[in-house]
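Student:
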Amino acid sequence: MITKEHPMTPLLRMDRIPHIWCPTCGIGTAVSCFAAALKQNEIPLEKVAIVSGIGCTGRVAGYMKVDSFHTTHGRAIPFATGLKLARPEMKIVVFSGDGDLFAIGGNHFIHAARRNMDLTVICVNNFIYGMTGGQLAPTTPLSAKSTTSPYGNYEHPFNLPHLAASCGATYVARWTALHIRRLTNSMSEALNKKGFSFIEVIAPCSTVYARRNRLGSGLDLMKFYHDNCEIKNGANPEEADIGFQSKIIVGKFVDKEKPSFIDNMHVGLKRALGDKYIPYGGDDGAK
Amino acid sequence: MEQSRTEIKITGFGGQGVILAAYIIGKAAALFDKKEATLTQSFGPEARGGACSAQMVISNSKVLYPYVKRPQILVCLSQEAYNKFEPELISGGLLIIEKDLVKPKPAENGIQLLAIPATRIAEELGRRMVLNIVTVGFFTAVADVVGEEAVRGAIKDSVPKGTEDLNLKAFERGFQYGKNLREHGE
Amino acid sequence: MKADPKGVLTGEHYLDGDFACAEGALAAGCRFFAGYPITPSTEVAERFSERIPEVGGIFIQMEDEMASMNAILGASWGGVKTMTSTSGPGFSLMMENIGLGAMMEVPCVVVNVQRGGPSTGLPTMVGQADMMQARWGSHGDYEIIALSPNSPQECFYVAIEAFNLAEKYRVPVFIMMDECVGHMTEKVIIPPAEEIELYPRRLTNSPPAEYLPYMPEDDLVPSMIIAGQGYKIHTTGLTHDERGYPVMTAEAQEKLVHRLINKIRLNADHIIHIEEEDTEGAEVVVVSYGISSRVALAAIDEARAAGIRVGRLRLITVWPFPEKRIRELAPKVKAFVVPEINYGQMVLEVERCAAGQAKTILVSHGGGDVHNPQDILEAIKESIK
Chain A
14 MITKEHPMTP
24 LLRMDRIPHI
34 WCPTCGIGTA
44 VSCFAAALKQ
54 NEIPLEKVAI
64 VSGIGCTGRV
74 AGYMKVDSFH
84 TTHGRAIPFA
94 TGLKLARPEM
104 KIVVFSGDGD
114 LFAIGGNHFI
124 HAARRNMDLT
134 VICVNNFIYG
144 MTGGQLAPTT
154 PLSAKSTTSP
164 YGNYEHPFNL
174 PHLAASCGAT
184 YVARWTALHI
194 RRLTNSMSEA
204 LNKKGFSFIE
214 VIAPCSTVYA
224 RRNRLGSGLD
234 LMKFYHDNCE
244 IKNGANPEEA
254 DIGFQSKIIV
264 GKFVDKEKPS
274 FIDNMHVGLK
284 RALGDKYIPY
294 GGDDGAK
Chain B
123 MEQSRTEIKI
133 TGFGGQGVIL
143 AAYIIGKAAA
153 LFDKKEATLT
163 QSFGPEARGG
173 ACSAQMVISN
183 SKVLYPYVKR
193 PQILVCLSQE
203 AYNKFEPELI
213 SGGLLIIEKD
223 LVKPKPAENG
233 IQLLAIPATR
243 IAEELGRRMV
253 LNIVTVGFFT
263 AVADVVGEEA
273 VRGAIKDSVP
283 KGTEDLNLKA
293 FERGFQYGKN
303 LREHGE
Chain C
167 MKADPKGVLT
177 GEHYLDGDFA
187 CAEGALAAGC
197 RFFAGYPITP
207 STEVAERFSE
217 RIPEVGGIFI
227 QMEDEMASMN
237 AILGASWGGV
247 KTMTSTSGPG
257 FSLMMENIGL
267 GAMMEVPCVV
277 VNVQRGGPST
287 GLPTMVGQAD
297 MMQARWGSHG
307 DYEIIALSPN
317 SPQECFYVAI
327 EAFNLAEKYR
337 VPVFIMMDEC
347 VGHMTEKVII
357 PPAEEIELYP
367 RRLTNSPPAE
377 YLPYMPEDDL
387 VPSMIIAGQG
397 YKIHTTGLTH
407 DERGYPVMTA
417 EAQEKLVHRL
427 INKIRLNADH
437 IIHIEEEDTE
447 GAEVVVVSYG
457 ISSRVALAAI
467 DEARAAGIRV
477 GRLRLITVWP
487 FPEKRIRELA
497 PKVKAFVVPE
507 INYGQMVLEV
517 ERCAAGQAKT
527 ILVSHGGGDV
537 HNPQDILEAI
547 KESIK
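What follows is the structure in structure tokens.
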């Protein structure tokens, strides 16, 4: 009988466990790395919020014991943008999947990155629409099969770090569900980064992606990462394309300083309006 | 029921400041003369060029129907606007045109035609863009719907900071031109 | 509570309806605006972008209307009063997350300055054809509140009313303007801040350990929290229980959705704001809203001069529809005449409530212009024959 409390209990909604994720799914790993990063940094949990969209990763918001918002499909980033601007002292983290963030929500992602909005976006890339049973995603590798690409995918997929970097993200990293320590460190760095930070967590869906493409069990996926990932910190993200069962370049690709949206807003308005500028929350408007 | 309703249309091409001219007249009537003044505008997708018009109803009671279909007073600052809107003017109405920009056909139906070289006057003042305020001055002198002090007040309240003197000067030139025309004819 | 003087531009102004609406929102304490430019509502956003940095608020132009709607929901959870504005196609794009606002019970205000549709339609010209979309536009069953002003002055007051209702009932509230009113400039008197009464956010008194985010109070509306204060709430667009946790059962659906509906329906008497004149003893009552209600007045005046007993009922609240009042009037009048700039929307509600006890006559207009008062007059005359 287990009597000792799990060290992550204060960070999780234990009354909602068991979670919905399949055995060997990488989302749980990403959540546990994120919880470890929060703990490592001793960030007060009341000052953290998670915003998710729809899909398997979209359910992360429901399990973390912080203010958590499970929004509509693709819209986590604009919701988080509003929340961040209203509560600038909070750390707002968008935790969602590749289909949510880059298909239906792609426009929001590129604009939040362009603005250098003060958000951390964590994308669990499972190469597929998992919750709805394995349809083609904008990240499905060429030739991979899905229920809506039964003859193999013939669309070019997104290279997410390249997309994030070219839109202006100030922090971009990619790891797999195998790289627990490195992923946790990247999450720590991202949480402490001003502006728009982005982390991709490669975790192909073990149920509907791996099985349909005959890639073996969850353990086989781990072995694949172990044998085929190349750690290249500082690599040009343009070279980080992912092909079907090809080598995966992982690492921290971008870590730079640039004024964030909130910084620029204050500077720009102060310059234009001088003493007439009343920053939000700066007067008695503090909410 | 609406009482003493005056319907006015001010027209020209985009960029002439037609809307601001109408806004100043409306503001003068509503805030300074304490009448009811409803301004509506119709515009196409073009920000510059193209015929544009502002419609103004001035009344002593609440304006119910907001648009102007048959104006009693029509101001045309361009030929295109004149061609388009002149047929709407009621018999016996007042037609104000930009003298150098509009070639009118002979006036009929008892229409009173008055012309002002507003652009030329504005150029003499050094800023062509105040032609709309010159026109407002002329309108104030000849149309008898807004008080001259009301319009001066509305101009001070409405033009960009730092341009009040120039605009008031433009108003006076237009106003004097109108007064002279009324008293002495052309 | 009274309005914060910082946002109240007390005095006499000559403003268009869009500007007046923005001023009403600022007076109501709105300090966050997210929007996307679209004619004829753009001036609402422009006014905010200019004014809000001087009153301690935030303006952000989003990448589209879906983003705008979500941004105001997120910001509202951050404890600030929020608004967006749009027209036509943008209103369609907002529908998805208007549903999220209804489901999460987020106070916020959405302005729709209606233009001619469908699709791109008549971007710079008037329409009133989004009235049913306001009621039914997002999928699923829900209730919202919608108001319709008929002058720039009323745009100012309706904006304040919209915020008060949004806060009181924790629901997205629509201001259903039309291009004519939005682009119409008239005198607008803004009163001193101390004359403006505001309904504050319904924040919980419970400590975090005892707080249930969706436990309703007596009026069926739950109290709210502000993110970042330790309540660690969860909220979702999924059907949920009092804890805010998803529950995928018919019982949970019945409990939640029925409450979302009833918090508006059962409070309708407190919400509905209509203007009536001479309805008692009338043979015909003209039911109208927005710019059509002004144009109708010109017709009503003439009909009265011709000896017809005409009453008028103006919908300031269009949703929830004042069905009780129409049901009361129906047996006493010969007819209702409903002018609107569409081919029959609110008239369907009038007809439903009249339930065959009085004739219901639509005076339709396709948009791009307002009615000719003569057409309304003819309908009034026809209705009593």
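Residue numbers (the numbering used here), protein chains in the order written: chain A, 14 to 300; chain B, 123 to 308; chain C, 167 to 551.
All C-beta atoms, glycine included, are put in the ideal place defined by N, C-alpha and C.
Quick caveat: nothing in here was measured; it's all calculated off a predicted structure.
Going by beta-carbon coordinates alone, are A/THR183 and A/PHE209 separated by less than 8 Å?
Tutor: In contact: A/THR183 and A/PHE209 (Cβ atoms closer than 8 Å).
Student: Is the stretch 292-307 of chain B in contact with the stretch 234-248 of chain B, if contact means three or more CB pairs nearer than 8 Å?
Tutor: In short, these stretches touch, since the Cβ pair count reaches three.
Student: Quick check on A/ASP240: buried or exposed, where buried means 16 or more other Cβ atoms within 10 Å of its Cβ?
Tutor: A/ASP240 should be labelled exposed.
Student: Does the beta carbon of C/LYS398 come closer than 8 Å to any beta carbon on chain A?
Tutor: Answer yes: the Cβ-Cβ gap between C/LYS398 and chain A drops below 8 Å somewhere.
Student: Report yes or no: do the stretch 54-62 of chain A and the stretch 119-130 of chain A share at least 3 C-beta pairs separated by less than 8 Å?
Tutor: Judged by Cβ distances under 8 Å, the stretch 54-62 of chain A makes no contact with the stretch 119-130 of chain A, as fewer than three pairs qualify.
Student: Could you confirm whether any beta carbon from chain B is found closer than 8 Å to the beta carbon of C/GLU178?
Tutor: Closer than 8 Å to some Cβ of chain B, the Cβ of C/GLU178 qualifies, so yes.
Student: Can you list, in chain order, the stretches of the alpha helix (DSSP H) that have 4 or more residues and sit fully within the stretch 220-298 of chain B?
Tutor: Here the runs fully enclosed are 240-246, 253-265 and 270-280.
Student: Within 8 Å (strictly less), CB to CB, does C/PHE198 reach chain A?
Tutor: Cβ-Cβ to chain A under 8 Å: yes for C/PHE198.
Student: In or out: A/TYR164 buried (at least 16 other Cβ within 10 Å) or exposed?
Tutor: Label assigned to A/TYR164: exposed.
Student: Tell me the DSSP bridge mates of C/VAL504?
Tutor: According to DSSP, which records beta bridges pairwise, C/VAL504 is partnered with C/LEU528.
Student: For the alpha helix (DSSP H) containing C/MET297, list its first residue and its last residue.
Tutor: Element bounds for C/MET297: 297-302.
Student: What span of residues does the beta strand (DSSP E) with C/LEU181 cover, start to end?
Tutor: Start and end: 177-182.
Student: In chain order, what residues of the same chain lie with their CB nearer than 6 Å to the CB of C/LEU386, ignoring the 5 residues before and after it?
Tutor: Correct list, in chain order: ARG425, ASN428 and LYS429.
Student: How should B/ASN231 be labelled, buried or exposed, when 16 other C-beta atoms within 10 angstroms of its C-beta is the threshold for buried?
Tutor: It counts as exposed.
Student: Residues of the stretch 129-157 of chain B in Cβ contact with chain C at a cutoff of 8 Å, in chain order, please.
Tutor: For the stretch 129-157 of chain B, which is checked against every Cβ of chain C, the residues closer than 8 Å are TYR145, GLY148, LYS149, ALA152 and LEU153.
Student: Can you list, in chain order, the stretches of the alpha helix (DSSP H) that have 4 or more residues and sit fully within the stretch 183-231 of chain A?
Tutor: The stretch 183-231 of chain A contains these whole alpha helix (DSSP H) runs: 193-204.
Student: Based on Cα-Cα distance, which residue from A/ALA157, A/ILE215, A/GLY75 and A/ALA285 lies nearest to C/PRO412?
Tutor: Among A/ALA157, A/ILE215, A/GLY75 and A/ALA285, the Cα nearest to that of C/PRO412 is on A/GLY75.
Student: Less than 8 Å between the CB atoms is what I'm expecting for C/THR252 and C/ASN236, so what's the real figure, rounded?
Tutor: In fact, because the Cβ distance is near 13 Å, the residues do not count as touching under 8 Å.
Student: What's the call for C/LEU247, buried or exposed, on a 16-neighbour Cβ count within 10 Å?
Tutor: For clarity, residue 247 of chain C is Lys in the given sequence; the question names Leu instead. Burial call: buried.
Student: Could you name the residues of the same chain whose beta carbon sits closer than 6 Å to that of B/GLU129, not counting the 5 residues immediately before and after it, in chain order?
Tutor: These residues qualify, in order along the chain: VAL179, VAL190, PRO193 and GLN194.
Student: Going along the chain, which unbroken runs of the beta strand (DSSP E) with 3 or more residues stay wholly within the stretch 29-106 of chain A?
Tutor: As far as the stretch 29-106 of chain A is concerned, its whole beta strand (DSSP E) runs of at least 3 residues are 61-65 and 80-83.
Student: Are any of the Cβ atoms in chain A nearer than 8 Å to that of C/GLY303?
Tutor: No, C/GLY303 does not count as interfacial toward chain A.
Student: Name the residue from A/ILE255, A/LYS269 and A/ASP131 whose alpha carbon lies nearest to the alpha carbon of A/PRO151.
Tutor: Out of A/ILE255, A/LYS269 and A/ASP131, A/ILE255 has the C-alpha closest to the C-alpha of A/PRO151.
Student: Going by the beta-carbon positions, is the gap between C/PHE257 and C/GLN294 smaller than 8 Å?
Tutor: No, they are not a contact pair.
Student: Would you please verify whether the beta carbon of B/THR262 is less than 8 Å from any beta carbon of chain C?
Tutor: So, not an interface residue.
Student: So the alpha helix (DSSP H) C/SER234 belongs to, where does it begin and stop?
Tutor: Unbroken alpha helix (DSSP H) run through C/SER234: 231-243.
Student: Using 8 Å as the threshold, is the C-beta distance between B/ILE219 and B/ILE255 below it?
Tutor: Taking 8 Å as the Cβ cut-off, B/ILE219 and B/ILE255 do not qualify as a contacting pair.
Student: Shortest alpha-carbon distance to C/PRO289 belongs to which of C/GLY394, C/GLU271, C/CYS346 and C/ILE310?
Tutor: When each option's Cα is compared against that of C/PRO289, the closest is C/CYS346.
Student: I want to see whether chain C comes within less than 8 Å of B/LEU161, judged by CB atoms only; does it?
Tutor: It does; some Cβ of chain C falls within 8 Å.
Student: Would you decide whether A/TYR142 is buried or exposed? Buried here means 16 or more other CB atoms lie within 10 Å of its CB.
Tutor: A/TYR142 is buried by the Cβ-count criterion.
Student: Excluding the 5 residues preceding and the 5 following C/GLY403 in the sequence, name in chain order all residues of the same chain whose CB lies nearer than 6 Å to its CB.
Tutor: Cβ within range, chain order: LEU266 and MET269.
Student: In the DSSP assignment, what residue or residues form a beta bridge with C/MET342?
Tutor: Its beta-bridge partners are C/ASN278.
Student: Which whole-angstrom value describes the C-beta separation of C/VAL461 and C/ARG470, a residue pair presumed to lie in contact below a C-beta threshold of 8 Å?
Tutor: Contact flag wrong, Cβ pair sits at about 16 Å.
Student: Kindly indicate which residue of A/VAL79, A/LYS78 and A/ARG88 has the alpha-carbon position closest to the one of A/GLY71.
Tutor: The shortest C-alpha separation from A/GLY71 is found at A/ARG88.
Student: Which complete beta strand (DSSP E) runs does the stretch 395-442 of chain C hold, if anything under 3 residues is left out?
Tutor: With a minimum length of 3 residues, the continuous beta strand (DSSP E) runs that stay inside the stretch 395-442 of chain C are 400-402.
Student: Check the Cβ-Cβ distances between A/ALA99 and every residue of chain C, and say whether any is below 8 Å.
Tutor: Cβ-Cβ to chain C under 8 Å: yes for A/ALA99.
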